[in-house]
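**Q** Numbered by the working numbering, the letters in the sequence shown go through residues 218 to 370 in order. Just so it is clear, CB atoms sit at the ideal spot from N, CA and C, and this is done for glycine as well. Just so we're clear, the structure is a prediction, and the values are computed from it rather than from any experiment.
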Amino acid sequence: MRSSKSYSVVIDAGLFLVTVFPHPYQDAVHSLWRQWIEEQRPLCAPHLWVAEVTSGLRRAIWERILTPAEAERALNRMLQLPITFIPDTTLAQSALIWAGRLRQKRAYDAFYLALAERLSVEFWSTDRRLIARAHQLGVTWAHWVGEHTDFPQ
Numbered sequence: 218m219r220s221s222k223s224y225s226v227v228i229d230a231g232l233f234l235v236t237v238f239p240h241p242y243q244d245a246v247h248s249l250w251r252q253w254i255e256e257q258r259p260l261c262a263p264h265l266w267v268a269e270v271t272s273g274l275r276r277a278i279w280e281r282i283l284t285p286a287e288a289e290r291a292l293n294r295m296l297q298l299p300i301t302f303i304p305d306t307t308l309a310q311s312a313l314i315w316a317g318r319l320r321q322k323r324a325y326d327a328f329y330l331a332l333a334e335r336l337s338v339e340f341w342s343t344d345r346r347l348i349a350r351a352h353q354l355g356v357t358w359a360h361w362v363g364e365h366t367d368f369p370q
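(1) Mind checking which residues open and close the alpha helix (DSSP H) that includes Ala262?
(2) Can you give me the C-alpha to C-alpha distance between Gln297 and Ile348, rounded to a whole angstrom?
(3) With a threshold of 16 other CB atoms inside 10 Å of the CB of Gly317, please say whether the residue is buried or exposed.
(4) Look up Ser272 in the DSSP assignment and say whether it is helix, strand or coil.
(5) Buried or exposed for Leu354, please, with buried defined as at least 16 other CB atoms from any protein chain shown within 10 angstroms of its CB.
(6) Note down, one range per segment and in chain order, each beta strand (DSSP E) of at least 3 residues found wholly within the segment 298-331.
(7) Have a look at Arg320 and Glu255 and give me their C-alpha separation to the nearest angstrom.
(8) Between Thr306, Arg345, Val267, which has its C-alpha nearest His365's C-alpha?
(9) Can you name the residues that DSSP bridges to Val338?
(10) Taking the alpha-carbon of Ala312 as reference, which of Pro259, Trp253, Leu265, Val237 has the nearest alpha-carbon?
(11) So, using beta-carbon positions, are Glu332 and Pro263 closer together than 7 Å?
(12) For Val270, which of Tyr325, Ser248, Trp253 has the nearest alpha-carbon?
(13) By DSSP, does Ala349 sit in helix, in strand, or in coil?
(14) Expressed to the nearest angstrom, what Euclidean distance is found between the alpha-carbon atoms of Phe328 and Ala286?
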């Protein structure tokens, strides 16, 4: 897996949502975003990312964490991010295989792993269990944001 600063990083939707409302790893995520910008590392995600962020914002409205206006501002900010979106149709077969390897009922998370594998780049997630399962399979290029903090793991 390449680690040079010129290579892309695949990010899950949680890496944006954590910047919008309070989260224990918010500082770590902000630090990662700054690092990637400074290193000029292109960010990539499957098209599914937009739907997941939008759904997360809607849930935050429903749970009264965000007002509709705050969620709309966050959505507009998200739509301006320099993220390259890869069509889900090109990842579906690999995602189905990944979901099986991860022993998951649904394949959403598997799209991120399929994309990172295809691009031979790092994948960063806020989902600790997903990354733990990937590590059990020997995946060394998947990272949990908690690895980038001073907090106890």
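**A** Looking at the atomic coordinates:
(1) Here the question's residue 262 lines up with position 45 in the sequence shown. Careful: Ala262 lies outside any alpha helix (DSSP H), inside the beta strand (DSSP E) at 260-263.
(2) Along the sequence shown, read from residue 1 onward, the residue named residue 297 stands at position 80. Along the sequence shown, read from residue 1 onward, the residue named residue 348 stands at position 131. Roughly 28 Å between the two C-alpha positions.
(3) What you label residue 317 is simply residue 100 of the sequence shown in a count that begins at 1. It is exposed - the Cβ of Gly317 has fewer than 16 other Cβ atoms within 10 Å.
(4) The residue given as residue 272 occupies position 55 in the sequence shown. Of the three classes helix, strand and coil, the one that applies to Ser272 here is helix, per DSSP.
(5) Taking the sequence shown and counting its residues from 1, the one referred to as residue 354 is at position 137. With fewer than 16 other Cβ atoms within 10 Å, it is exposed.
(6) Segments of the beta strand (DSSP E) lying fully in the segment 298-331: 300-303.
(7) Against the sequence shown, residue 320 aligns to sequence position 103. Against the sequence shown, residue 255 aligns to sequence position 38. About 36 Å.
(8) As a position in the sequence shown, residue 365 is number 148, starting the count at 1. Of the listed residues, the one whose Cα sits closest to His365 is Arg345.
(9) In the sequence shown, the residue the question calls residue 338 occupies position 121. Answer is none; Val338 lacks a bridge partner.
(10) Position 95 of the sequence shown, counting from 1, holds the residue named residue 312. It is Leu265.
(11) Taking the sequence shown and counting its residues from 1, one reaches residue 332 at position 115. Taking the sequence shown and counting its residues from 1, one reaches residue 263 at position 46. The amino acid occupying residue 332 in the given sequence is Leu; Glu does not appear at that position. For the pair Leu332 and Pro263, the CB atoms are nearer than the 7 Å cut-off.
(12) Against the sequence shown, residue 270 aligns to sequence position 53. Nearest of Tyr325, Ser248, Trp253 to Val270, Cα basis: Tyr325.
(13) Taking the sequence shown and counting its residues from 1, the one referred to as residue 349 is at position 132. In the structure shown, Ala349 sits in a helix (DSSP, three-state: H, G or I).
(14) The count along the sequence shown starts at 1 and reaches residue 328 at position 111. The count along the sequence shown starts at 1 and reaches residue 286 at position 69. Phe328 and Ala286: Cα-Cα distance of roughly 30 Å.
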